[in-house]
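Beneath this line is the structure, given in structure tokens, with notes to follow.
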Amino acid sequence: MDNLKRYALILKQLAKWFFKNVINLLVIAYCTATRKHHQRRSIYYRELIALQNILSFTDYYWHRLDRQYSSSIDVYRNFVKANSYDTVRQRQVEFIKSLNRILQNNNFDPLIGDEKNAELTWVMSTGRCGVDALDRYFKLSAKHFSIHREFYKDEMFYEHRSTWTTKSRVLHKFFYNNASDSEIKSFIETFLGKRMKTIRRREGKQWIFCEHCDTVWLPVILRLFPSSKIIFLSKNPRDVITSYMSKQQYSSAQEMPLPPRQDKLPFKTLFGLMCWFYTYINMFIDIHCDLIEDDQRILRINGKDLMLASPTVHKELNKFLNMNITEKEYQAHFAGRYNSKIHRSRYSKFPSPDNWPNSYHALLELFFSQIKNRIKY
72 MDNLKRYALI LKQLAKWFFK NVINLLVIAY CTATRKHHQR RSIYYRELIA
122 LQNILSFTDY YWHRLDRQYS SSIDVYRNFV KANSYDTVRQ RQVEFIKSLN
172 RILQNNNFDP LIGDEKNAEL TWVMSTGRCG VDALDRYFKL SAKHFSIHRE
222 FYKDEMFYEH RSTWTTKSRV LHKFFYNNAS DSEIKSFIET FLGKRMKTIR
272 RREGKQWIFC EHCDTVWLPV ILRLFPSSKI IFLSKNPRDV ITSYMSKQQY
322 SSAQEMPLPP RQDKLPFKTL FGLMCWFYTY INMFIDIHCD LIEDDQRILR
372 INGKDLMLAS PTVHKELNKF LNMNITEKEY QAHFAGRYNS KIHRSRYSKF
422 PSPDNWPNSY HALLELFFSQ IKNRIKY
């Protein structure tokens with residue numbers, strides 16, 4: 072019976088995907104005629120990932136990836152070699168020089184206003200680490216204003232555009248340090264134009280942003296808001312990837328790897344993309360938390376410790392955010408389960424880590440080796 076329901080779900084999703092792309096063909100024709108190549112590619116990669124999420128309900132898809140990774144591991148090995156931790160860190164050092172120059176030559180204070188020196192906190196992570204549970208925990212405090220998904224429409228960066236033209240583009244301009252001064256200035260203005268609307272809703276309370284969509288603007292946040300704080304939440308890569316893959320969470324709403332020219336993905340399969348996402352988002356956060364050289368502004372938390380209600384994490388959170396939630400309340404809160412999306416994994420054929428083929432372990436280890444000594448997992 073479960074197999075019949077799974078096949079019915081696959082057919083239903085494929086039908087929706089097909090008819091959606093009939094409309095997309097018209098949009099692509101328009102983009103081609105008007106030479107809007109980025110928008111055209113954005114649609115292509117978004118739907119490529121969407122199709123793979125549908126196929127993830129089948130054993131065949133994951134077996135097919137196993138064969139592909141076994142035969143083309145060099146593609147990933149070359150990417151990691153060209154983007155080692157030390158290489159990326161040095162790029163970020165050079166990028167910060169450009170960013171500091173932009174901040175010195177332009178006055179963004181009129182956009183920021185009285186919030187410039189406020190104690191604003193951002194939770195930075197890949198997601199699937201306990202962010203939703205952490206947000207609900209912060210909401211127990213009467214003097215804190217925590218936001219997770221409570222966005223108004225005009226506060227979102229990609230209301231009518233995919234990640235391809237927003238988060239991924241900004242991340243890789245920063246990641247490869249190939250953004251011009253005018254681009255960096257524009258990125259900052261776009262960010263402030265959206266996020267200041269969210270910040271000003273805090274009603275005098277201490278603001279906490281529990282949503283990882285601001286990760287790519289981390290170096291900007293740390294410098295534009297000198298009293299801001301960062302909670303770096305990370306978790307075991309196998310747990311994070313399994314959660315994303317089995318629940319169809321990796322989509323064009325997440326960042327994607329782009330080369331310096333930003334006109335194509337170097338690799339396009341879900342597990343490979345997820346290994347990249349886990350590694351380089353955590354790497355980006357770690358590097359910029361380290362480069363700010365102020366440990367008082369950074370709190371690093373292991374998501375597993377958080378979900379196990381570690382007393383140490385309770386003390387660290389209370390001290391870092393000047394909270395007074397009791398340990399009893401803390402223990403009771405994290406005894407529950409939040410945002411598990413367990414229903415999405417019912418028909419998934421993504422294997423559990425214990426049953427991953429050797430190629431999956433090899434691919435993840437190849438990427439993870441770049442940061443395993445740098446993050447809490």
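So the sequence shown is numbered by my numbering: it starts at 72 and just counts up by one. Quick reminder that beta carbons are idealized off the backbone N, C-alpha and C, glycines included. Quick caveat: nothing in here was measured; it's all calculated off a predicted structure.
Going by CA-CA distance only, name the one from the options that's closest to residue i.
i      : options                        : result
Ser142 : Gly201, Asn429, Thr237         : Asn429
Tyr32  : Tyr349, Ile396, Ser298, Gln402 : Residue 32 cannot be examined here, being either before or after the span of the chain that is shown, 72 to 448.
Ala153 : Lys443, Arg445, Ile446, Phe438 : Phe438
Asn178 : Ile259, Lys91, Arg162          : Ile259
Ala79  : Asp361, Leu126, Lys244         : Leu126
Ser299 : Gln319, Gln277, Ile114, Lys306 : Gln277
Met449 : Phe89, Val159, Leu96           : The shown model of the chain, from 72 to 448, leaves out residue 449, and the question about it has no answer.
Leu289 : Gln367, Thr105, Phe246, Asp225 : Phe246
Val194 : Ser155, Thr103, Leu205, Gln367 : Leu205
Leu82  : Phe338, Phe128, Cys346         : Phe128
Met394 : Tyr115, Lys214, Ile446, Ile356 : Lys214
Glu282 : Val202, His359, Gly275, Gln319 : Val202
Asp361 : Asp73, Val164, Leu97           : Val164
Ile352 : Met316, Val287, Phe391, Asn444 : Val287
Phe296 : Asp185, Ile302, Thr103, Tyr321 : Asp185
Tell me which residue opens and which closes the alpha helix (DSSP H) that residue i is part of.
i      : result
Gln333 : Looking at the DSSP string, Gln333 is not in any alpha helix (DSSP H), and its letter there is neither H nor E.
Glu165 : 156-176
Ser142 : 130-142
Pro181 : 180-183
Asn444 : Neither: Asn444 is in no alpha helix (DSSP H) and is coded neither H nor E.
Ala86  : 73-104
Arg199 : That residue, Arg199, is in no alpha helix (DSSP H); it is neither H nor E in DSSP.
Tyr247 : Counting along the chain, Tyr247 falls outside any alpha helix (DSSP H), and DSSP gives it neither H nor E.
Leu119 : 108-126
Leu263 : 252-270
According to DSSP, what are the bridge partners of residue i?
i      : result
Lys300 : Thr192
Beta carbon of residue i: closer than 8 Å to some heavy atom of the ligand HEM?
i      : result
Leu170 : No copy of the ligand HEM occurs in the structure displayed, which carries no ligand at all.
Do the CB positions of residue i and residue j come within less than 9 Å of each other?
i      : j      : result
Tyr418 : Lys87  : no
Arg266 : Asp285 : yes
Glu326 : Thr261 : no
Lys268 : Arg199 : no
Lys375 : Asp310 : yes
Phe280 : Ser239 : no
Leu263 : Leu182 : yes
Tyr431 : Tyr140 : yes
Ile369 : Ile255 : no
Phe405 : Tyr101 : no
Pro308 : His243 : no
Ser257 : Ile396 : no
Phe303 : Asp225 : no
Arg111 : Ile99  : yes
Tyr229 : Lys420 : no
Where do the ends of the beta strand (DSSP E) carrying residue i lie?
i      : result
Phe228 : Segment: none, Phe228 is in no beta strand (DSSP E) and carries neither H nor E.
Ile218 : 215-218
(Q) Restricting to runs no shorter than 4 residues, where is the alpha helix (DSSP H) found entirely within the region 355-426? (A) 374-378, 382-392, 398-404
Q: May I have a chain-ordered list of the beta strand (DSSP E) segments no shorter than 3 residues that lie completely inside the region 273-327?
A: 277-280, 300-305
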